[in-house]
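Notes follow once the structure below has been shown.
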Amino acid sequence: MNYPSYQNLTDLELLQRYKSDSNSEWIGILFDRYAILLLGLCMKYLKNEEDARDSVQHIFLKVLSDVHKHEVQHFKAWIYQVAKNHCLMQLRKTNTRYSKELDENTMGGALEPELEKEAKAEKEQKDLMLENMQEAMSMLNLEQQACVKLFYLDKRSYQEIADDTGYSLLQVKSYIQNGKRNLKLLLEKYSKNKR
Amino acid sequence: MNDNFRDIFVETNCIPQQELLDYLQDNLGPDDRRRVETHLADCEFCSDALEGLSAITEKEKIPGVIRQMKWNVLQNLRRKNRKKRKLEFYTSLVVITLVILFVALACFWIYHFVSKR
Ligand SMILES: [Zn+2]
């Protein structure tokens, strides 16, 4: 089943087809989309290839058996949350350090509306927000400011930024991610105040 | 300055398997690398995944590992489906038997009742 048209089906369409004809090929396509992401995610938390491999299969089968119980709208967000919780649960068995993060990430109905709200608010305000960019940038801490500027303004790669600043690749990545998240939050706040 | 920041709001699709592997092994050209990194700043899933994948020592074996996992998962699903179909088959067999039995009993009772009069 390698026809390109099947590759264009959305996650939900694939699930729908599987529900109606039980043909596992649909799930195969879905698996190809997420397997490597799940493998990486499990590796990040479990730090063991064998455990990660078992977990990926477990998570995928669990998601499929739960799919009838929930009205899933964002498959990606959902499988990410299930996978993360599975890994944290695995870790919790041996280690209580991660228990706090797990509690903060309890999954459930709250996830869906939150995502939709976020997407809607984002689209509405983009242009308004860009006006305050300079001001918002100055509110970031220095590391985030530097990395965000180098990445978005100078279009440098992660590796180049790491070489330039002396930060590690992981640090660069997280400064950009967090800087970007903070920027968005700040800009949203500004544009709300202005209206 | 502001136009350069437009990238912050661009929403990009998740990175396909091959591209992710190429990025990990530094086999991408600058444009593709840029696209991947822009997405990474946006997507926790991909960026977590990349962090985990970079810890795997034999990266060239990843596609094989994934094929094996896929085979296991699909095999498991097919087994479950076969079981389900079997169960459905036996359930309908029982229902049909009961119906026939009931009809036969009814016929017998009616025959008995009519012949008595
Ligand atoms: Zn992604």
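Protein chains in written order, with the numbering used here: chain A, 429 to 623; chain B, 1432 to 1548.
No residue lacks a Cβ here, since even glycine has one placed at the ideal position from N, Cα and C.
Please read these numbers as outputs of a predicted model, since none were measured by experiment.
Is it true that the CB of residue j sits closer than 8 Å to the CB of residue i?
| i | j | result |
| --- | --- | --- |
| A:Lys608 | B:Ala1486 | no |
| A:Ala463 | A:Ile487 | no |
| A:Leu440 | A:Phe503 | yes |
| A:Asp460 | B:Gln1448 | yes |
| B:Glu1468 | A:Ser585 | yes |
| B:Asp1479 | A:Lys472 | yes |
| B:Cys1477 | A:Leu568 | no |
| B:Leu1536 | A:Ser452 | no |
| A:Leu613 | B:Ile1497 | no |
| B:Asn1503 | A:Gln485 | yes |
| A:Cys575 | A:Tyr618 | no |
| A:Cys515 | A:Leu578 | no |
Between the C-alpha atoms of residue i and residue j, what's the straight-line distance to the nearest angstrom?
| i | j | result |
| --- | --- | --- |
| A:Leu469 | A:Met561 | 33 Å |
| A:Gln435 | B:Gln1456 | 25 Å |
| A:Ala480 | A:Gln518 | 10 Å |
| A:Ser527 | A:Ser483 | Annotation note: pLDDT 49 at A:Ser527 (below 50); position unreliable, coordinate value reported separately. Those two C-alpha atoms are separated by around 19 Å. |
| A:Asn610 | A:Met565 | 9 Å |
| A:Ile457 | A:Arg445 | 12 Å |
| A:Arg606 | B:Ile1446 | For the record, residue 606 of chain A in the displayed sequence is Asn; it is not Arg. When rounded, the distance between both Cα atoms is 20 Å. |
| B:Gly1460 | A:Ile455 | 32 Å |
| B:Asn1444 | B:Arg1464 | 14 Å |
| A:Ala590 | A:Leu492 | 40 Å |
| A:Asp592 | B:Arg1466 | 21 Å |
| B:Leu1452 | A:Glu616 | 35 Å |
| A:Lys447 | A:Lys497 | 12 Å |
| A:Leu443 | A:Glu499 | 11 Å |
| B:Phe1539 | B:Val1545 | 10 Å |
| A:Ser596 | B:Leu1484 | 17 Å |
| B:Lys1511 | A:Lys601 | 42 Å |
| A:Ala538 | A:Val495 | Model confidence at A:Ala538 stands at a pLDDT of 49, short of 50, so the residue's coordinates are unreliable; what they give is reported in the following sentence. Between A:Ala538 and A:Val495, the C-alpha separation is close to 17 Å. |
| A:Asn476 | B:Leu1524 | 48 Å |
Would you say the beta carbon of residue i is closer than 7 Å to some non-hydrogen atom of ligand 1?
| i | result |
| --- | --- |
| A:Glu579 | The question names Glu, but residue 579 of chain A is Phe in the sequence shown. False, no ligand heavy atom lies under 7 Å from that Cβ. |
| B:Ile1446 | yes |
| B:His1470 | yes |
| B:Cys1477 | yes |
| B:Cys1474 | yes |
Is there at least one non-hydrogen atom of ligand 2 closer than 7 Å to the beta-carbon of residue i?
| i | result |
| --- | --- |
| A:Ala463 | With respect to ligand 2, the structure shown offers nothing to examine, as its ligands consist of ligand 1. |
Short of 7 Å Cβ to Cβ, which residues in the segment 1513 to 1542 of chain B face chain A? none
Quick one, which residues of the segment 1462 to 1474 of chain B are near chain A if we go by CB-CB under 7 Å, in chain order? Arg1464, Arg1465, Glu1468, Leu1471 and Ala1472
Could you run through the segment 1496 to 1515 of chain B and flag, in chain order, every residue whose CB is less than 7 Å away from some CB of chain A? Val1496, Ile1497, Met1500, Lys1501, Asn1503, Val1504, Leu1505, Asn1507, Leu1508, Arg1509 and Asn1512
Please list, in chain order, the residues of the segment 452 to 469 of chain A that have any C-beta partner in chain B closer than 9 Å. Ser452, Glu453, Ile455, Gly456, Phe459, Asp460, Arg461, Tyr462, Ala463, Ile464, Leu465, Leu466, Leu467, Gly468 and Leu469
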